[in-house]
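First comes the structure, then the notes that go with it.
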Amino acid sequence: MRKKFLSVLFICLIVISGSGLVFAQGDPALAQKYKNAKPGEKFMIGHITFHLGQEYAIMVYQSIEQACKQMGLNFKGALASTQADWIEQTESMIASGAKAIIYNCPPAEVMPQIAEIANKNNVYIATYFGYTGDIWPGDYGPRWVIDNTPLSDEQTYIPVTLLMEKMEQAGKSKIYIQQGSKSAATISTVLINLGVFQALQSYPKMQLMGFQYGEYGYEGGRVGAESALAVRTDYEGMWSAADSMATGALKALRDRGVEIGAYTASRDMEMTTAQDILKGRFLVTSGFAIPYYGGRLVPMLYDMCVGAWYPTPEEMLQTGKLTVYGRPGELEKLAEAAGIAKHPSFKTGPTEENLKQILTQIKEKNPQYPYDFRLLSVSKTKELGLKIDKTAGAGTTLGAHDYYYIAKLKKFGSVDAWKKHVAALYNYFLDISWMTDLKAAKEMAKKFPKELKTEAIWE
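Count along the sequence shown from 1, add 295, and you get the number used in the working numbering.
See below:
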């Protein structure tokens, strides 16, 4: 009865909400006021990243470089390890002629200072995972006005539900939970953890344990799993906040003779994870088309630089639409059993084809992801006589290749509502070691403020 009700609910929501896709409107007056270049001008766009020990970060770096080349722009990349690095690399890139800079997982504490530097030097900046409950694009002047962070609760809810369904069918219940980080990309951590809460509501037999942080990388995932193994070794499944973390954790578990690979779920859609899925050593990962997600900020920044587009406040917070990947047919059967097959966010992609056509490019000396990022630019398409294509020429067969604006979703409806929701998440979901089972989750939920939206709907 529970799962039949969920299916009916999701069908109704699809009818009510439609596709959920909202296209950019922009503010033409501000676009002209803050432009810092001319259409067709060749200038530099820089990229600073938090590390390159994760396939996600490498693909983002590569796709930004590819997008710059396609757009006829110069590119410069850099790695930042300390807060001082982020400041120094910013100043160095501006001195080298950058008119826009993209930041991947910067420390939130430095963003106000970086925004101040950008404002003084007439340089645009954009971020992935750049904000918190207190620090927001748009609040620090006119230059930091774009953040591209996935709706990680949506990205978590679907694969965790599929994992719990498979475990329930197999009579398994003990799930090792590997959290993201308390210091890096914390906006993702709190949203990911909310997605776990949402999935747990339909599976009262599940027991959650471990709760170590993997810091979004292979080594952190391995160390976290070793800490979890020091406490107990009877884990039957695992949810990890990132593919690279999951890979490291599975290595540690296998070294101790704990084989749970087929009952592992994660998020990102990296090459190694896709390979493990096809080998039957991993259940599901939820991807937001990393190279598309990474490269598309370049045409957006170009349009801002040349005065073709400037986001409204509701368009500053963006998120890539997700696709889940598993072995052919398995996820669809699990989704039917779980009652989410008609959920508006449930979309599967072809794992093997995506691996061959997109993900293996990460190993190439000169990677070429199947995107023409010029097609995402308002100005460049006009300059070259091209037609705008939101999928950057890749279509939707291998993945969603799409995005929407968080504040425009009916679930929130405004920037203010989203801010209040995120602020509440930081109070309860930066660490979910309290969420040991459904009973504990329901008890904590009694304390949630009304601003905290727990419904597993995003369209």
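Glycine included, every Cβ here is placed at the ideal spot set by N, Cα and C.
These numbers were taken from a predicted model, which means no experiment stands behind them.
Check: So, residue 393 versus residue 371, is the Cβ gap smaller than 8 Å?
Finding: yes
Next item on the list: Tell me residue 343's beta-bridge partners as DSSP assigns them.
Entry: For residue 343, the pairing in a beta bridge is given by DSSP as 373, 398.
Check: Going by DSSP, what residues sit across from residue 612 in a beta bridge?
Finding: 442
Next item on the list: Starting from the C-beta of residue 510, find all residues in its chain whose C-beta is less than 6 Å away, skip the five residues before and the five after it, and write them out in chain order.
Entry: 476
Next item on the list: List in chain order: all unbroken beta strand (DSSP E) runs of 3+ residues lying wholly within the region 639-726.
Entry: 698-700
Next item on the list: Report the rounded CA-to-CA distance for residue 493 versus residue 386, giving the unit in angstroms.
Entry: 42 Å
Margin query: For residue 583 and residue 617, which I take to be in contact (beta-carbon distance under 8 Å), what is that distance rounded to the nearest angstrom?
Written below: 5 Å
Note to self: By the DSSP assignment, the alpha helix (DSSP H) with residue 455 in it spans what residues?
What the structure shows: 447-464
Margin query: Using a Cβ-Cβ cutoff of less than 6 Å, which residues in the same chain neighbour residue 358 once the five nearest sequence positions on both sides are dropped?
Written below: Apart from sequence neighbours up to five positions away, the residues of its chain that approach residue 358 with a beta-carbon distance below 6 Å are 586, 589, 590, 664, ordered along the chain.
Check: So, using beta-carbon positions, are residue 434 and residue 486 closer together than 8 Å?
Finding: no
Note to self: With a threshold of 7 Å on Cβ separation, who are the neighbours of residue 674 within its own chain once the five nearest residues in sequence on each side are excluded?
What the structure shows: Residues of the same chain with a CB within less than 7 Å of the CB of residue 674, apart from the 5 flanking positions on each side, are 334, 597, 598, 601, 603 in chain order.
Note to self: By DSSP's criteria, residue 502 is part of a beta bridge. Which residues make up the other side?
What the structure shows: 469
Notebook entry, point to check: So residue 728 is in the beta strand (DSSP E); what residue range does that whole segment cover?
Noted result: Careful: residue 728 lies outside any beta strand (DSSP E) and carries neither H nor E.
Next item on the list: Could you tell me whether the region 547-555 touches the region 526-539, where touching means 3 or more Cβ pairs closer than 8 Å?
Entry: yes
Margin query: Let me confirm a value: residue 456 is counted as buried when at least 16 other C-beta atoms fall within 10 Å, else exposed. Which label applies?
Written below: buried
Notebook entry, point to check: Using DSSP with H/G/I as helix, E/B as strand and the rest coil, what is residue 564?
Noted result: coil
Notebook entry, point to check: Going by the CB atoms, is the gap between residue 444 and residue 424 shorter than 8 Å?
Noted result: yes
Item checked: Nearest to residue 383 (by Cα), restricted to the options 412, 718, 740 -> 412
Next item on the list: Let me know if residue 709 comes out buried or exposed under the rule of 16 or more other beta-carbons within 10 Å of its beta-carbon.
Entry: exposed
Margin query: Looking at residue 464: is its Cβ nearer than 8 Å to the Cβ of residue 540?
Written below: no
Check: Terminal residues of the continuous beta strand (DSSP E) containing residue 542?
Finding: Residue 542 -> not in any beta strand (DSSP E); alpha helix (DSSP H) instead, spanning 538-550.
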